[in-house]
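Note that our numbering has the sequence shown beginning at 3, numbered continuously upward.
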Amino acid sequence: MPLKVALINMPFGFHIYPSIQLGTLSTLLKAHDCEVKCHYLNLHFAHQLGLPVYNQLCEKRFLIGEWLFSHPLFGDHARNQDYMNHFDTHIEDVCRSIERPKEFLVDVKTKMVPEFLQWSLEACDWGAFDVVGFSSTFNQNVASLTLAKLIKEKYPQIKIMFGGSNFEAEMGLEYFRVFPWIDYVVPGEAEDILPQLVNYFKQGGPIPRGGVHRCEGEVLYEEPESMFGNFQDYAAPDYDDFFDQLREIDPHSSLLENPVILYETARGCWWGEKHHCTFCG
Numbered sequence: 003m004p005l006k007v008a009l010i011n012m013p014f015g016f017h018i019y020p021s022i023q024l025g026t027l028s029t030l031l032k033a034h035d036c037e038v039k040c041h042y043l044n045l046h047f048a049h050q051l052g053l054p055v056y057n058q059l060c061e062k063r064f065l066i067g068e069w070l071f072s073h074p075l076f077g078d079h080a081r082n083q084d085y086m087n088h089f090d091t092h093i094e095d096v097c098r099s100i101e102r103p104k105e106f107l108v109d110v111k112t113k114m115v116p117e118f119l120q121w122s123l124e125a126c127d128w129g130a131f132d133v134v135g136f137s138s139t140f141n142q143n144v145a146s147l148t149l150a151k152l153i154k155e156k157y158p159q160i161k162i163m164f165g166g167s168n169f170e171a172e173m174g175l176e177y178f179r180v181f182p183w184i185d186y187v188v189p190g191e192a193e194d195i196l197p198q199l200v201n202y203f204k205q206g207g208p209i210p211r212g213g214v215h216r217c218e219g220e221v222l223y224e225e226p227e228s229m230f231g232n233f234q235d236y237a238a239p240d241y242d243d244f245f246d247q248l249r250e251i252d253p254h255s256s257l258l259e260n261p262v263i264l265y266e267t268a269r270g271c272w273w274g275e276k277h278h279c280t281f282c283g
């Protein structure tokens, strides 16, 4: 039987175009006889919140998206007031740009986010999937980790996987160590390792190199034998689920008439070859 895989795009991924990460992995997994469904849950949250407000929050880089989703994951350990004090000026700028008071953001954090997470858990029969995967970039970490935890608690048999730039290299290993409901992490390029993991899930045997996993409580990882090589070996990203779900949520969306899609012509950063950015892995 084919392996059934759900790929999830959480807030605060941009709502104006599909995820190239999910699109690429969907094509790749389908080529290896998997049944794949991409779930753009960020679209639902964007329309609940209001598109102009959501767009503004996506653009911000002081972890406001992580803060908004922090309480369901960290509870009383979430340093709510510390965050608001430290980023007070930034929060005021956001409130001016979205024309909302600070109390609006507090309501989003305390009311809208928990309701959205509960809806996300119940809106799909996640138990029908063998693997649920998350790709996390910028302000998607806490939302993704929280939903993954909820899914794992309700469906403990499901394998939870994470990847994306937030899980690159040592970051991925540390997240894996700290959050025990994650079963596998791909802390680098997934094109070569993912088909091997699929075969492992189907047939068993040794776990392929390049995937972070546990054995008797110990975190294990071996570097992959080779890096991703040739774009010509892979088909175009599959964006059908994005536009199907957008059409269901907002059949009159301008994005359906004037769609934006992402494609990749090179990998790496040529700027970084000469001027390495300190924030970038």
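In this text, a Cβ means the ideal position worked out from N, Cα and C, and glycines have one as well.
To which residues of the same chain is residue i closer than 8 Å at the C-beta, ignoring the five residues directly before and after it?
| i | result |
| --- | --- |
| Phe203 | Leu5, Asp132, Val133 and Lys161 |
| Phe230 | Glu191, Glu193, Asp194 and Arg269 |
| Cys1 | As displayed, the chain neither begins before 3 nor continues past 283, which places residue 1 out of reach and without an answer. |
What residue range is occupied by the uninterrupted beta strand (DSSP E) comprising residue i?
| i | result |
| --- | --- |
| Tyr42 | Glu37 to Tyr42 |
| Met163 | Lys161 to Gly165 |
| Ala171 | Here Ala171 belongs to no beta strand (DSSP E), and DSSP marks it neither H nor E. |
Just to confirm my understanding: we take residue i, look at its own chain, exclude 5 residues before and 5 after, and list those with CB closer than 7 Å. What are they?
| i | result |
| --- | --- |
| Gly25 | Pro239, Asp240 and Tyr241 |
| Glu227 | Arg211 |
| Leu147 | Leu75 and Phe181 |
| Trp121 | none |
| Ser2 | As shown, the chain starts at 3 and ends at 283. That puts residue 2 outside it, with no answer to give. |
| Phe118 | Phe47 and Gln50 |
What residues in its chain sit with their C-beta under 6 Å from that of residue i, if we drop five residues either side in the sequence?
| i | result |
| --- | --- |
| Cys60 | Phe14 and Phe16 |
| Phe244 | Pro20 and Tyr42 |
| Ile251 | Leu45 and His49 |
| Asn11 | Ser21, Leu24, Tyr42 and Asn44 |
| Glu224 | Arg211 |
| Val187 | Phe164, Phe169, Gly174, Phe178 and Val214 |
| Trp298 | Outside the shown range of the chain (3 to 283) lies residue 298, about which nothing can therefore be said. |
| Ile184 | Ile162, Phe164 and Phe178 |
| Lys111 | Leu70 |
| Gln142 | Met12 and Gly15 |
Could you give the DSSP three-state label for residue i: helix, strand or coil?
| i | result |
| --- | --- |
| Leu264 | coil |
| Ala33 | helix |
| Gly135 | strand |
| Tyr202 | helix |
| Lys62 | coil |
| Asn11 | strand |
| Leu147 | helix |
| Leu222 | strand |
| Glu68 | helix |
| Ile18 | coil |
| Glu275 | helix |
| Tyr85 | helix |
| Gly25 | helix |
| Phe140 | coil |
| Ile195 | helix |
| Asn57 | helix |
| Ile209 | coil |
| Phe181 | coil |
| Thr112 | helix |
| Ser122 | helix |
| Glu259 | helix |
Between which two residues does the alpha helix (DSSP H) harbouring residue i extend?
| i | result |
| --- | --- |
| Pro218 | A small correction: the amino acid at residue 218 is Glu; Pro does not occupy that position in the sequence shown. From DSSP, Glu218 is part of no alpha helix (DSSP H); its letter is neither H nor E. |
| Asp95 | Asp90 to Ile100 |
| His73 | Ser72 to Phe76 |
| Asp127 | Run containing Asp127: none; DSSP gives neither H nor E here. |
| Cys243 | Looking at the sequence shown, residue 243 is not Cys but Asp. First-last of the alpha helix (DSSP H) with Asp243: Asp242 to Ile251. |
| Ser255 | Note, Ser255: premise wrong, no alpha helix (DSSP H); not H, not E. |
| Val108 | Lys104 to Asp109 |
May I ask you to list the residues that DSSP assigns as paired with residue i?
| i | result |
| --- | --- |
| Val187 | Phe164 and Val214 |
| Lys6 | Glu37 |
So, does the CB of residue i fall closer than 9 Å to a CB anywhere in chain C?
| i | result |
| --- | --- |
| Tyr236 | Here there is only one protein chain, and chain C is not present. |
Does the stretch 259–273 come close enough to the stretch 72–91 that 3 or more CB-CB pairs lie under 8 Å?
-> These segments do not touch.
Are the stretch 84–98 and the stretch 152–169 touching, with three or more C-beta to C-beta distances below 8 Å?
-> With fewer than three CB-CB distances shorter than 8 Å, the stretch 84–98 does not count as touching the stretch 152–169.
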